[in-house]
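So the mapping is simple: the working numbering equals the position in the sequence shown, first residue as 1, plus 11. Note that the Cβ used here is the ideal one computed from N, Cα and C, for glycine as well. Everything numeric in this text was worked out from a predicted model, so none of it was measured. Here's the structure we're looking at; comments come further down.
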Amino acid sequence: MTGCAQSAPATEQSTTSATSTTAQQGTQAQALTTSDTWAKAAETGMSAAFGKLHNSADYPVELHQVTDAQGDEIQLHEMAGSGQDMSMKQIEGDLVIAPGAEVELAPGGNHLMFMDLKEPLVAAQTITLNLEFSDGSSTTVDFPIRNFDGAKEKYDEHAGH
12 MTGCAQSAPA TEQSTTSATS TTAQQGTQAQ ALTTSDTWAK AAETGMSAAF
62 GKLHNSADYP VELHQVTDAQ GDEIQLHEMA GSGQDMSMKQ IEGDLVIAPG
112 AEVELAPGGN HLMFMDLKEP LVAAQTITLN LEFSDGSSTT VDFPIRNFDG
162 AKEKYDEHAG H
């Protein structure tokens, strides 16, 4: 009887180990967590979305594309250049988040850029974005919409896009 009782915990331990290994080899969408997400309110034209993207896996997460239900063109943008010559440009390829790392999408830095809004982004509402990854997985993330004047960025055809 004592031998049987000791065997059961060993089996449970093996199952836990297998589950842990499977989770580590999950999809990129499963590895990504987000926090502090928000989008800048805008009636027309361009706007942007921000937040923190954290990769909890031991492999890179590659954000390939972002879409919304309205069919807006949403690009991944980064700041390029230095000093007075800083400008925003579309990221070539995927936005790669290293294993265990966090990427902050922020005004004046990397961000998700709405190129030509089909519908207004109204403060106090929420827009749901679909994040698509290089492995074919995807996840939806809610971005609360808020008014923002902080960085005085201009999201229009004269902003260097």
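For the alpha helix (DSSP H) containing residue i, name the first residue and the last one.
i   : result
Q41 : Q39 to A42
Based on DSSP bridge pairs, tell me the residues matched to residue i.
i    : result
N121 : Its beta-bridge partners do not exist; DSSP assigns none.
L64  : T45 and V114
S58  : F125
Thinking residue i and residue j are a contact (beta carbons under 8 Å), I'd like their distance in whole angstroms, please.
i    : j    : result
S58  : F125 : 4 Å
A52  : V133 : 6 Å
T55  : P131 : 7 Å
L128 : V77  : The pair is not a contact, with the Cβ atoms about 14 Å apart (cut-off 8 Å).
T151 : T139 : 5 Å
Quick check on residue i: does DSSP put it in helix, strand or coil?
i    : result
D160 : coil
Q95  : helix
D79  : strand
K51  : strand
D153 : strand
T72  : The residue you asked about is not Thr; residue 72 is Val in the sequence shown. DSSP places V72 in strand when its eight states are reduced to three.
A182 : This structure does not reach residue 182, given that the chain is present from 12 up to 172, and the question cannot be answered.
L87  : strand
Starting from residue i, follow the beta strand (DSSP E) in both directions and report where the run begins and ends.
i    : result
K100 : S98 to Q101
L140 : T137 to F144
V107 : L106 to I108
Is it the case that the CB of residue i approaches a heavy atom of the ligand NAP more closely than 8 Å?
i   : result
T44 : The model on display carries no ligand, and the ligand NAP is accordingly not part of it.
Less than 9 Å separating the beta-carbons of residue i and residue j?
i    : j    : result
G92  : S98  : yes
T45  : L64  : yes
F61  : A109 : no
D160 : T48  : no
E89  : G120 : yes
D83  : N141 : no
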